[in-house]
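Undergrad: Got a structure for you, written out below as structure tokens; questions coming shortly.
There are 2 protein chains.
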Amino acid sequence: MPILVHKYGGTSMGNIERILSNARRIAADIQKGYQVAVVVSAMSGETNRLLALADEIDPHSSGRERDMLASAGEQVSIALMAMALHKVGVEAVSFTALQAGIHSDPFHTRAKITSIDTSRLREVLDRGGVPVVAGFQGVTDNMEITTLGRGASDTSAAALAAALGAERCDIYTDVDGVYAADPRIVRGAKKIERISFDEMLEMAGAGSKVLQTRSVVFAKKYRVPLQVLTSFEDKPGTMISEEVKEMEDILVTGICSDKTEARITLWGIPDQPGIAAQIFEGLSNQGISVDMIIQSKGQDGLANMSFTVTKPDLSDAVRVTEKLIDTLKARQMGVDEKIAKVTIVGVGMKAHGGVAARMFRCLADKGINIYMISTSEIRISVVIDEDYTELAVRSLAKEFDLVDESVEEKGA
Amino acid sequence: MPILVHKYGGTSMGNIERILSNARRIAADIQKGYQVAVVVSAMSGETNRLLALADEIDPHSSGRERDMLASAGEQVSIALMAMALHKVGVEAVSFTALQAGIHSDPFHTRAKITSIDTSRLREVLDRGGVPVVAGFQGVTDNMEITTLGRGASDTSAAALAAALGAERCDIYTDVDGVYAADPRIVRGAKKIERISFDEMLEMAGAGSKVLQTRSVVFAKKYRVPLQVLTSFEDKPGTMISEEVKEMEDILVTGICSDKTEARITLWGIPDQPGIAAQIFEGLSNQGISVDMIIQSKGQDGLANMSFTVTKPDLSDAVRVTEKLIDTLKARQMGVDEKIAKVTIVGVGMKAHGGVAARMFRCLADKGINIYMISTSEIRISVVIDEDYTELAVRSLAKEFDLVDESVEEKGA
């Protein structure tokens with residue numbers, strides 16, 4: 001029998017009524033001939049409540065104990081979901097990560113799943129029951145409880161779907177799918193019906209918060225389609241799957257913006273090999289990731305270099321870079337926190353030329369200056385002045401046909 | 413180094429301030445040269461909150477899932493307590509029952525501890541750390557989470573103290589010890605300084621709720637003294653230990669009353685062997701425990717029989733007994749729910765005669781009629797009219813010198 005994995009997030013587990021409604025949906029999928037395994041998050045607000053207690057003692061409390069604490073939230077959810085399934089007449093057994101055999105590395109609060117031993121879950125599935133598994137948790141070889149990072153229940157679900165060879169992993173949440181642009185910025189933004197794993201990865205990397213990047217990596221690696229859909233209504237969501245030919249007909253699938261980065265610029269560096277290496281080795285040694293980098297040559301034969309880091313890393317990055325100013329013989333250093341990254345994503349770019357030109361023209365027409373550009377085969381990102389973020393996103397959404405005009409007009 | 417087990421109940425874990433105060437107390441005992449292991453309950457109200465969620469789905473939800481749910485409460489507590497110990501500079505590691513190796517039988521919601529594998533805990537103790545263990549929980553050989561019954565964290569603590577060969581198990585709670593009589597009934601009731609395991613067992617069986625019976629059984633079996641004391645003040649509590657000679661100097665150590673039982677009476681039964689067996693086998697088959705039993709012979713040569721069961725069992729007990737009326741050729745059956753059991757306990761009774769006579773005389777002087785009597789070597793229980801409970805307890809407390817007269821006068 002084909003297997004489905006259902007994943008329910010915090011708002012979908014927000015109260016008993018919602019939990020029972022999920023149980024009825026699971027029962028319906030079983031009626032349709034599926035075996036269903038379920039992954040759940042903690043009830044909405046619970047993880048925050050627990051970690052606030054920890055912070056009251058010490059905001060820098062031990063990762064091991066924070067994991068012990070926070071994982072209790074999912075344990076409550078699995079038990080309630082199993083009870084709700086019993087209530088609607090479905091056999092169900094709850095499993096902590098330890099019981100389910102979701103093994104992870106030992107890095108507390110940000111552990112990564114290393115393997116899943118599905119034998120106990122398959123036993124339940126094979127007798128027509130529903131295993132209800134705690135998301136967000138892992139267990140080390142030493143039986144220590146880990147957590148996989150905030151929002152990682154999606155990753156638990158995708159990994160479990162992969163391990164069970166599921167036909168699909170349905171991620172139930174409080175939004176009805178992935179939108180081509182943030183509907184809070186673009187009125188009438190279209191919902192994406194179908195998007196490729198690679199596009200979704202680019203979107204997640206560019207600021208889309210619908211799915212955790214790692215969940216998409218798992219799904220792509222094991223070729224398990226993900227569906228993002230709402231648990232509050234009965235309608236299809238957004239399907240994330242391998243690339244199919246029709247996807248190329250759409251030039252741009254989605255637009256994202258991201259205000260979490262800041263830019264550091266060094267002016268007047270000697271244009272010689274090894275300069276970039278010195279800077280980025282220094283940053284990397286401090287655990288600081290650099291996103292975009294550009295290097296340009298001035299008329300004086302000296303080079304200028306700009307790169308972006310996340311704002312929380314900025315002060316560390318400035319410290320590292322300042323130390324190198326003398327070594328590099330740089331003339332000046334500048335920091336700009338008022339920037340935004342705007343990204344368009346689409347597999348259609350591979351087949352159709354001129355997308356970048358259209359993007360830059362569209363921004364130029366609105367008088368928006370581009371500071372930095374970076375591209376992949378299916379993505380173009382630009383860094384602009386933060387103040388122009390929403391204007392840029394709206395203009396690009398219109399340019400690339402990502403707005404449902406009827407909604408836009410009705411709303412206007 | 414001598415080992416102490418500290419156990420903190422729900423009110424002692426009620427908020428972060430209290431948890432930190434416990435951590436400082438533990439640190440002080442370590443300063444004194446003890447190794448300390450800690451057992452904690454869920455934060456006050458948490459177990460009720462969780463089980464109320466379960467009841468919202470189904471009051472008869474599966475025991476396995478109720479255990480999965482409720483055990484999350486202690487998991488929160490162990491993590492917070494470990495963090496609090498870190499905060500005051502003490503190494504500490506939290507352990508769920510599964511991690512601590514507290515094995516139980518598989519009877520959910522009322523499991524019994526079968527063995528404790530202390531190796532991981534000893535590792536922590538031996539390097540000067542504090543293992544913080546979840547009370548109330550157990551784990552089966554199949555890695556299923558069980559709970560040991562409401563209030564069973566005391567039992568977890570006593571069992572752990574036994575397994576670790578602890579010098580003493582300190583049960584921290586919101587009362588400052590065991591009182592010779594309920595202070596809500598007897599103004600100025602004396603606090604008991606020292607009481608034997610056997611007396612404490614009799615008290616628990618007679619309605620004292622300070623300690624769970626099973627915790628005392630463990631402590632007695634493994635000869636680990638228990639101390640009941642408050643976590644809200646720094647003062648000694650009540651020590652529960654093996655009997656020592658001085659205890660016999662006190663005639664009556666404590667008085668308890670219990671209004672949770674009801675009495676069933678059968679009149680006019682043929683006085684022949686096997687009658688009692690028929691009744692009590694029938695009740696036992698339904699899982700109903702009988703507490704007190706008396707059989708008396710009337711002038712007509714027929715017997716009357718009375719026995720008590722707990723009020724929740726009453727309707728089942730009546731049903732079972734009614735079915736036997738014809739077989740037994742009983743003339744009539746009666747039920748009395750308005751009864752109370754009043755018990756005096758004291759090892760002094762073994763050495764000193766006349767305690768029962770003094771008790772009955774004291775009650776008679778107040779015009780209190782005795783319906784039933786049962787005794788052990790160190791206990792006398794009487795069943796009386798419920799309305800006279802408080803009067804009986806107060807009179808007996810005065811009779812047997814269990815009232816601090818100065819407090820009584822000051823209060824009056």
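Protein chains in written order, with the numbering used here: chain A, 1 to 412; chain B, 413 to 824. Cβ coordinates follow ideal geometry from the N, Cα and C atoms, glycine included.
DSSP state of Thr-327 of chain A, grouped into three classes?
TA: Here the question's residue 327 of chain A lines up with position 327 in the first sequence. Reduced to three states, the DSSP call for Thr-327 of chain A is helix.
Undergrad: Can you have a look at Arg-731 of chain B and say buried or exposed, based on whether 16 or more other CB atoms are within 10 angstroms of its CB?
TA: Start at 1 with the first residue of the second sequence, and residue 731 of chain B comes out as number 319. Result: exposed.
Undergrad: When DSSP builds the beta bridges, which residues end up paired with Glu-673 of chain B?
TA: By one-based count along the second sequence, residue 673 of chain B stands at place 261. Answer by DSSP bridge pairing, in chain order: B:Thr-722.
Undergrad: Would you mind working out which of B:Arg-478, B:Ala-482 and B:Ser-506 sits nearest Ile-490 of chain B, comparing C-alpha positions?
TA: As a first step, residue 490 of chain B is located in the second sequence; it is residue number 78 there, counting from the start. It is B:Ser-506.
Undergrad: Could you give the distance in angstroms between the alpha-carbon of Ala-70 of chain A and the alpha-carbon of Thr-47 of chain A?
TA: Taking the first sequence and counting its residues from 1, one reaches residue 70 of chain A at position 70. Taking the first sequence and counting its residues from 1, one reaches residue 47 of chain A at position 47. When rounded, the distance between both Cα atoms is 6 Å.
Undergrad: To which residues of the same chain is Asp-777 of chain B closer than 7 Å at the C-beta, ignoring the five residues directly before and after it?
TA: Within the second sequence, numbered from 1, the residue matching residue 777 of chain B stands at position 365. Excluding its 5 nearest sequence neighbours in each direction, Asp-777 of chain B has no C-beta neighbour in its own chain below 7 Å.
Undergrad: Please go through the same chain and pick out, in chain order, the residues whose beta-carbon is closer than 6 Å to the beta-carbon of Gly-823 of chain B, but skip the five residues on each side of it.
TA: By 1-based counting over the second sequence, the position of residue 823 of chain B is 411. Low per-residue confidence applies at Gly-823 of chain B: pLDDT is 49, beneath 50, and the placement is therefore not dependable, though the value from the model is reported in the following sentence. Excluding positions up to five away in sequence, the list reads Arg-599.
Undergrad: What does the Cβ neighbour count give for Gln-487 of chain B, buried or exposed, with the cut at 16 atoms within 10 Å?
TA: To locate residue 487 of chain B, count along the second sequence from 1; it is residue 75. Gln-487 of chain B is buried by the Cβ-count criterion.
Undergrad: Cα separation between Thr-397 of chain B and Val-721 of chain B?
TA: In the structure displayed, chain B extends from 413 to 824; residue 397 of chain B sits before or after that span and is not available.
Undergrad: In terms of residues, what are the limits of the beta strand (DSSP E) holding Gly-415 of chain A?
TA: Chain A is shown from 1 up to 412; residue 415 of chain A falls before or after that span and cannot be answered.
Undergrad: CB of Ala-189 of chain A to nearest heavy atom of the ligand ATP: below 7 Å?
TA: In the structure on display, the ligand ATP does not appear, and there are no ligands present to speak of.
Undergrad: Consult DSSP for Ile-442 of chain B and reduce its assignment to one of helix, strand or coil.
TA: Taking the first residue of the second sequence as position 1, residue 442 of chain B is located at position 30. Correct three-state label for Ile-442 of chain B: helix.
Undergrad: Between which two residues does the alpha helix (DSSP H) containing Gln-690 of chain B stretch?
TA: Numbered from its first residue, the second sequence carries residue 690 of chain B at position 278. 687 to 697 is the span of the alpha helix (DSSP H), which, as asked, contains Gln-690 of chain B.
Undergrad: Terminal residues of the continuous beta strand (DSSP E) containing Ser-653 of chain B?
TA: Counting from 1 along the second sequence, the entry for residue 653 of chain B is found at position 241. Note, Ser-653 of chain B: beta strand (DSSP E), 650 to 653.
Undergrad: Over what stretch of residues does the beta strand (DSSP E) that includes Ile-113 of chain A continue unbroken?
TA: In the first sequence, counting from the first residue as 1, residue 113 of chain A sits at position 113. From DSSP, the beta strand (DSSP E) with Ile-113 of chain A extends over 113 to 116.
Undergrad: Just checking my contact of Ala-159 of chain A with Val-130 of chain A at CB under 8 Å: how many whole Å lie between their CB atoms?
TA: Taking the first sequence and counting its residues from 1, one reaches residue 159 of chain A at position 159. Taking the first sequence and counting its residues from 1, one reaches residue 130 of chain A at position 130. The Cβ separation is near 18 Å, so there is no contact.
Undergrad: Taking only beta-carbon positions, decide if Ser-433 of chain B is within less than 8 Å of chain A.
TA: On the second sequence, residue 433 of chain B is found 21 positions in, with the first residue counted as 1. No, Ser-433 of chain B does not count as interfacial toward chain A.
Undergrad: Can you pull the chain A neighbours of Gln-443 of chain B, defined as C-beta to C-beta under 8 Å?
TA: Numbered from 1 along the second sequence, position 31 holds the residue referred to as residue 443 of chain B. Going along chain A, no residue has its Cβ under 8 Å from Gln-443 of chain B, so there is no contact; the nearest lies around 21 Å.
Undergrad: Between the C-alpha atoms of Cys-581 of chain B and Asp-517 of chain B, what's the straight-line distance to the nearest angstrom?
TA: Here residue 581 of chain B corresponds to residue number 169 of the second sequence, with the count starting at 1. Here residue 517 of chain B corresponds to residue number 105 of the second sequence, with the count starting at 1. Approximately 24 Å between the Cα atoms of the pair.
Undergrad: Is it right to say Met-493 of chain B is buried, meaning 16 or more other beta carbons lie within 10 angstroms of its own, or is it exposed?
TA: To locate residue 493 of chain B, count along the second sequence from 1; it is residue 81. It is buried - the Cβ of Met-493 of chain B has at least 16 other Cβ atoms within 10 Å.
Undergrad: Exposed or buried, Asn-554 of chain B, counting other C-beta atoms within 10 Å across all chains shown (16 or more means buried)?
TA: In the second sequence, the residue the question calls residue 554 of chain B occupies position 142. Exposed, by the Cβ-count rule.
Undergrad: Run through the segment 746 to 772 of chain B for me and flag every whole alpha helix (DSSP H) of 4 or more residues, listed as ranges in chain order.
TA: Those alpha helix (DSSP H) runs which fall completely within the segment 746 to 772 of chain B and span 4+ residues are 760 to 763.
Undergrad: Give the residues from the segment 70 to 94 of chain A that approach chain E closer than 7 Å (Cβ to any Cβ), ordered along the chain.
TA: Absent here is chain E; the protein component of the structure consists of chains A and B.
Undergrad: Could you tell me the boundaries of the beta strand (DSSP E) in which Thr-1 of chain A lies?
TA: Here residue 1 of chain A corresponds to residue number 1 of the first sequence, with the count starting at 1. Note on identity: in this sequence residue 1 of chain A is Met, with Thr being the wrong assignment. Neither: Met-1 of chain A is in no beta strand (DSSP E) and is coded neither H nor E.
Undergrad: Between which two residues does the alpha helix (DSSP H) carrying Gln-212 of chain A extend?
TA: Start at 1 with the first residue of the first sequence, and residue 212 of chain A comes out as number 212. Run containing Gln-212 of chain A: none; DSSP gives neither H nor E here.
Undergrad: Name, going along the chain, the residues of the segment 38 to 59 of chain A whose beta-carbon falls closer than 8 Å to a beta-carbon of chain B.
TA: Listed in sequence order: Leu-50, Leu-53, Ala-54, Glu-56, Ile-57 and Asp-58.
Undergrad: Answer with yes or no whether the minimum CB distance from Ser-627 of chain B to chain A is below 8 Å.
TA: Numbered from its first residue, the second sequence carries residue 627 of chain B at position 215. It does not: the Cβ of Ser-627 of chain B has no partner Cβ on chain A nearer than 8 Å.
Undergrad: Rounded to whole angstroms, what's the CA-CA distance from Asp-646 of chain B to Thr-526 of chain B? Just pull it up for me.
TA: Working through the second sequence from its first residue, we reach residue 646 of chain B at position 234. Working through the second sequence from its first residue, we reach residue 526 of chain B at position 114. Rounded to the nearest angstrom, the two C-alpha atoms are 35 Å apart.
Undergrad: Asp-105 of chain A by DSSP, collapsed to three states: which one?
TA: Sequence index remark: in the first sequence, residue 105 of chain A carries index 105 (1-based). Coil at Asp-105 of chain A, not helix or strand.
Undergrad: For chain B, find out if any of its Cβ atoms is closer than 8 Å to the Cβ of Ser-62 of chain A; answer yes or no.
TA: As a working mapping, residue 62 of chain A is identified with position 62 in the first sequence. Output row for Ser-62 of chain A: interface = yes.
Undergrad: Consider the Cβ of Met-480 of chain B: report whether some Cβ of chain A lies at a distance smaller than 8 Å.
TA: As a position in the second sequence, residue 480 of chain B is number 68, starting the count at 1. So, interface residue.
Undergrad: In chain order, what residues of the same chain lie with their CB nearer than 7 Å to the CB of Val-448 of chain B, ignoring the 5 residues before and after it?
TA: The residue given as residue 448 of chain B occupies position 36 in the second sequence. Excluding sequence neighbours, Val-448 of chain B sits near Leu-416, His-418, Ile-438, Asp-441, Ile-442 and Val-542.
Undergrad: Please work out which residues of its chain come closer than 6 Å, Cβ to Cβ, to Ser-653 of chain B, disregarding the five sequence neighbours upstream and downstream, and give them in chain order.
TA: Working through the second sequence from its first residue, we reach residue 653 of chain B at position 241. Contacts found: Pro-637.
Undergrad: Alpha carbon to alpha carbon, what distance is there between Ser-793 of chain B and Met-425 of chain B?
TA: Counting from 1 along the second sequence, the entry for residue 425 of chain B is found at position 13. Counting from 1 along the second sequence, the entry for residue 793 of chain B is found at position 381. If you take the alpha carbons of Met-425 of chain B and Ser-793 of chain B, they lie about 36 Å apart.
Undergrad: Write down the C-beta distance between Phe-360 of chain A and Val-252 of chain A rounded to the nearest angstrom, noting that I regard them as a contact closer than 8 Å.
TA: Looking up residue 360 of chain A in the first sequence gives position 360. Looking up residue 252 of chain A in the first sequence gives position 252. Contact doesn't hold; Cβ gap of about 14 Å is too wide.
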